[in-house]
Amino acid sequence: MSTQTPDSFEWTELDRRAVDTARLLAADAVQKVGNGHPGTAMSLAPAAYTIFQKVMRHDPADPEWTGRDRFVLSPGHTSLTLYTQLFLAGYELELDDLKAFRTQGSKTPGHPEYGHTAGVETTTGPLGQGVANAVGMAMAARYERGLFDPEAPEGESPFDHTIWAIVSDGDLEEGVSAEASSLAGHQKLGNLVFLYDDNHISIEGDTATAFSEDVLKRYEAYGWHVQRIEPALGGDVDVAALYAALKAAQAETERPSIIAMRTIIAWPAPNAQNTEASHGSALGADEIAATKAILGFDPEQSFEVADEVLAHARRALDRGAEAHAAWDKQLATWRSANPERARLFDRIVAGQLPEGWQDTLPVFEEGKSVATRAASGKVLQALGAVVPELWGGSADLAGSNNTTIDKTSSFLPKGNPLPEADPYGRTVHFGIREFSMAAEMNGIALHGNTRIYGGTFLVFSDYMRNAVRMSALMQLPVTYVWTHDSIGLGEDGPTHQPVEHLASLRAIPGLNIVRPADANETAVAWAEILERHSTNPAPHGLALTRQGVPTLPVNADAAKGGYVLQDSSGETPEVILIATGSEVQLAVAARERLEADGIGTRVVSMPSVEWFEEQPREYRESVLPSAVKARVAVEAGIGLTWYRFVGDAGRIVSLEHFGASADAKTLFAEYGFTPENVAAAARESLAAARG
3 MSTQTPDSFE WTELDRRAVD TARLLAADAV QKVGNGHPGT AMSLAPAAYT
53 IFQKVMRHDP ADPEWTGRDR FVLSPGHTSL TLYTQLFLAG YELELDDLKA
103 FRTQGSKTPG HPEYGHTAGV ETTTGPLGQG VANAVGMAMA ARYERGLFDP
153 EAPEGESPFD HTIWAIVSDG DLEEGVSAEA SSLAGHQKLG NLVFLYDDNH
203 ISIEGDTATA FSEDVLKRYE AYGWHVQRIE PALGGDVDVA ALYAALKAAQ
253 AETERPSIIA MRTIIAWPAP NAQNTEASHG SALGADEIAA TKAILGFDPE
303 QSFEVADEVL AHARRALDRG AEAHAAWDKQ LATWRSANPE RARLFDRIVA
353 GQLPEGWQDT LPVFEEGKSV ATRAASGKVL QALGAVVPEL WGGSADLAGS
403 NNTTIDKTSS FLPKGNPLPE ADPYGRTVHF GIREFSMAAE MNGIALHGNT
453 RIYGGTFLVF SDYMRNAVRM SALMQLPVTY VWTHDSIGLG EDGPTHQPVE
503 HLASLRAIPG LNIVRPADAN ETAVAWAEIL ERHSTNPAPH GLALTRQGVP
553 TLPVNADAAK GGYVLQDSSG ETPEVILIAT GSEVQLAVAA RERLEADGIG
603 TRVVSMPSVE WFEEQPREYR ESVLPSAVKA RVAVEAGIGL TWYRFVGDAG
653 RIVSLEHFGA SADAKTLFAE YGFTPENVAA AARESLAAAR G
């Protein structure tokens, strides 16, 4: 049997059989391992199959193809929704991988993991963030088009593609999705399509327990194109209606689109469908056997995949090759017409920076007082002139974060009334949406071909934390510009003064925190971050001062994370002072006092603990000789980071309580951040080291 629509949509018996195969593979995989989420994967199988087999432009033989559409499965717990389609379409997954679901070392972990499984565009699991990832991908797609082909008519550029996402009730309950969806509507991201799985079930049962709003009215208010489709007779997905809705959403280029699709979780399991148990538990052998019988499969077999079904589904490889070849031809035409942009494209795809880019970095005058946030702004503006793929902005704090790379060019859609508005602008206005900003930055980085940064106050990194963790988990080249990094911000008081934040962020594996001592260290830090994003991708957080700090001579060793800023007058130091950020000047002043008393003192500036710990043991020993037991660490935050560096005889000048509303000078004096107190701590450490 086949179904035909005026749009030439075809749905054959083999398509139906492939969908049912995907449903039962999901049920069997969860049953085999004994845990997982089968129900949603069963009910979403027709929708995911329609996207992968009928609508989305992709090439299973080349998952990294620049011209591909992107697909985001925001409810990552239903990872089998994605894995079964990757298997059927001919990505690198095979049946044994599905059989190894949720087991050590398999390609099919419990939640999809970027970089681990071919075809997985982002790591999802923490609900809501996939929504924001998809929004970021759509933003990146528009910026990429602006870099390479801004004059092309809509839909006629090789850089035009669609971001598809499946989202769930849980995603739409999370606040981060509201932040991101609001921005997407404001940005008129017409390349973004959400399929909302409206199955009315969560872990606690019917979503009526906590969720009753009219989602489509909310999205209509955001400025989205909205559609709703109802189930076919019997309760399954109406695939013809779904296909028509997906194509209509793709054709709507002035607004992002959302399609609400009512589904019945675990359909067509006779007893498990429409139950919360099917959300997160194996169905049981009897229920799976009964479901197989309903669908015309052998109840005695597990992981049954008919040869003709797999051959039919893997025609996606042929379609992908055809689409890829057509795109290659389109790209070749573009290259001929745009040789300069083609060279830019090749450089960016290769992850290279432009020749001579470091020559543009500013060098700041020694001795002059400059806030590191201001220095960062100067560096960004200098880099912006030569690194066009670098873009970013702030969560409505650009004037304080100094994150405006180009004041004349704001990333805003056509029709925005601001005079600097440009669909392909450099400066992003994320709005007061810190969490979604971070998750959108992840999506931008995942999309590729641009370099993104985003700023707010360091204290508000708390709002962003789970997305920052996801940056680290995926090892994404994003840069967080966190300013107002200590009690030095002054009168705004303890609500805005970060105390525990540096230590808590350093606790995230794979995240590099950089707190430069001065303007020149800030320039070195930016240069090192850009270099690392080309060769060793990882997220970075810059912690920058509000207040001015004295400018030190340029020292390239700052890129090693820790270095000898000033050495002892004697051959071997008696005491080492380790400091970061605005407290380095205190260590320098304390050294003068100690040296005046005949105590040989070394000052180590350590802008990045993570960078320093990457260095060879010999280098680290040269900076912090293990024979020198008298040490003091100085940082205007909790001292948790520093115990491993100072040892048993060491002392830490830190802040173990919240701040207060007063000027920076008063607070530093009140809380012991003075040269005198640092010198006193050094004498205590010397006494302890001598026993």
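FYI, my numbering numbers position 512 of the sequence shown as 514, with every residue one higher than the one before it. Ideal placement from N, C-alpha and C gives every residue a C-beta, glycine not left out. This structure is a prediction, so every number in the text was calculated from the model and none was measured.
Could you tell me which of the options sits nearest to residue i, measuring between CA atoms?
i: A323; options: D30, W67, L588; result: W67
i: A20; options: F73, M58, A284, L88; result: L88
i: R604; options: Y621, A581, R619; result: A581
i: G661; options: P496, I515, H202; result: P496
i: T524; options: H535, I510, H503, D559; result: D559
i: V217; options: R534, S184, G572, G417; result: S184
i: P479; options: A327, D494, S536; result: S536
i: A140; options: T277, P425, P627; result: P425
i: P539; options: K331, A292, K219, G117; result: G117
i: E367; options: N444, V556, G693, R147; result: V556
i: T83; options: D22, A440, R70, K380; result: D22
i: I260; options: Q332, G225, V351; result: G225
i: R257; options: A246, D569, E222, L319; result: E222
i: V32; options: R104, R70, L149, A691; result: R104
i: G353; options: G187, R534, E616; result: R534
i: H227; options: D151, D208, A262, I205; result: A262
i: G394; options: A291, T668, L491, S412; result: S412
Are there any heavy atoms of the ligand PLP lying less than 7 Å away from the beta-carbon of residue i, as far as the coordinates show?
i: T293; result: With respect to the ligand PLP, the structure offers nothing, as it holds no ligand at all.
Is the beta carbon of residue i sitting closer than 8 Å to the one on residue j?
i: V483; j: G457; result: yes
i: P415; j: V389; result: no
i: G130; j: T124; result: no
i: A684; j: A651; result: no
i: A167; j: F196; result: yes
i: R337; j: E391; result: no
i: V241; j: T52; result: yes
i: P500; j: D487; result: yes
i: A49; j: L244; result: yes
i: H326; j: D64; result: yes
i: L194; j: I231; result: no
i: L27; j: F305; result: yes
i: E442; j: G187; result: no
i: L579; j: A589; result: yes
From the DSSP output, which residues share a beta bridge with residue i?
i: H227; result: S259
i: Q568; result: V605
i: P552; result: S371
i: A635; result: I580, I654
i: N193; result: Answer is none; N193 lacks a bridge partner.
i: N514; result: H542
i: E686; result: E686 pairs with nothing; no bridge assigned.
i: G394; result: T429, Y455
i: W166; result: F73, V195
i: I407; result: Partner(s): none; I407 has no beta bridge.
i: Y482; result: G456, G543
i: D200; result: R264
i: W1; result: What is shown of the chain runs 3 to 693, which leaves residue 1 out entirely.
i: G207; result: S204
Rounded C-beta distance between residue i and residue j? I'm assuming under 8 Å.
i: L554; j: N522; result: 6 Å
i: G563; j: W528; result: About 15 Å separates the two Cβ atoms, so there is no contact after all.
i: V122; j: P128; result: Actually they do not touch by this definition, with Cβ atoms about 15 Å apart.
i: Y93; j: A120; result: 5 Å
i: R531; j: T481; result: Checking the sequence, you will find Ile at residue 531 rather than Arg. The pair is a contact, with the Cβ atoms about 6 Å apart (cut-off 8 Å).
i: G192; j: T255; result: 4 Å
i: P518; j: G369; result: Actually they do not touch by this definition, with Cβ atoms about 17 Å apart.
i: A732; j: I434; result: Past the edges of the chain, shown from 3 to 693, lies residue 732, and the structure says nothing about it.
i: E436; j: Y455; result: Actually they do not touch by this definition, with Cβ atoms about 14 Å apart.
i: T110; j: L75; result: Actually they do not touch by this definition, with Cβ atoms about 13 Å apart.
Any C-beta of chain D sitting closer than 8 Å to the C-beta of residue i?
i: G572; result: Structure shown: chain D not included; a single protein chain is present.
- Message: Does the region 649-660 come into contact with the region 627-639, if we say contact requires no fewer than three beta-carbon pairs (one atom in each stretch) closer than 8 Å?
- Response: The region 649-660 vs the region 627-639: in contact.
- Message: Does the contact criterion of 3 or more C-beta pairs under 8 Å hold for the region 353-367 versus the region 335-345?
- Response: no
- Per the contact definition of three or more C-beta pairs closer than 8 Å, is the region 454-472 in contact with the region 390-402? yes
- Tell me, please, whether the region 174-193 touches the region 79-97 by the rule of three or more beta-carbon pairs shorter than 8 Å. Taking a cut-off of 8 Å on C-beta distances, the region 174-193 does not touch the region 79-97, as fewer than three cross pairs fall below it.
- So does the region 230-238 actually touch the region 264-278, counting three or more Cβ pairs closer than 8 Å? yes
- Query: Does the region 273-286 come within contact of the region 36-43, defined as at least 3 CB pairs closer than 8 Å?
  - Reply: yes
- Item | Contact the region 97-107 vs the region 461-479: 3+ CB pairs below 8 Å | The region 97-107 is not in contact with the region 461-479.
- Message: Taking 8 Å as the cut-off, does the region 158-173 touch the region 198-207 (at least 3 CB pairs, one atom from each stretch)?
- Response: yes
- Does the region 373-390 touch the region 544-552, meaning 3 or more C-beta pairs lie closer than 8 Å? The region 544-552 and the region 373-390 touch, with no fewer than 3 CB-CB distances between them shorter than 8 Å.
- Touch test, the region 665-681 against the region 502-509, Cβ-Cβ under 8 Å, three pairs minimum: Using a Cβ-Cβ distance cut-off of 8 Å, the region 665-681 and the region 502-509 are not in contact, since fewer than three pairs of beta carbons, one from each stretch, lie closer than that value.
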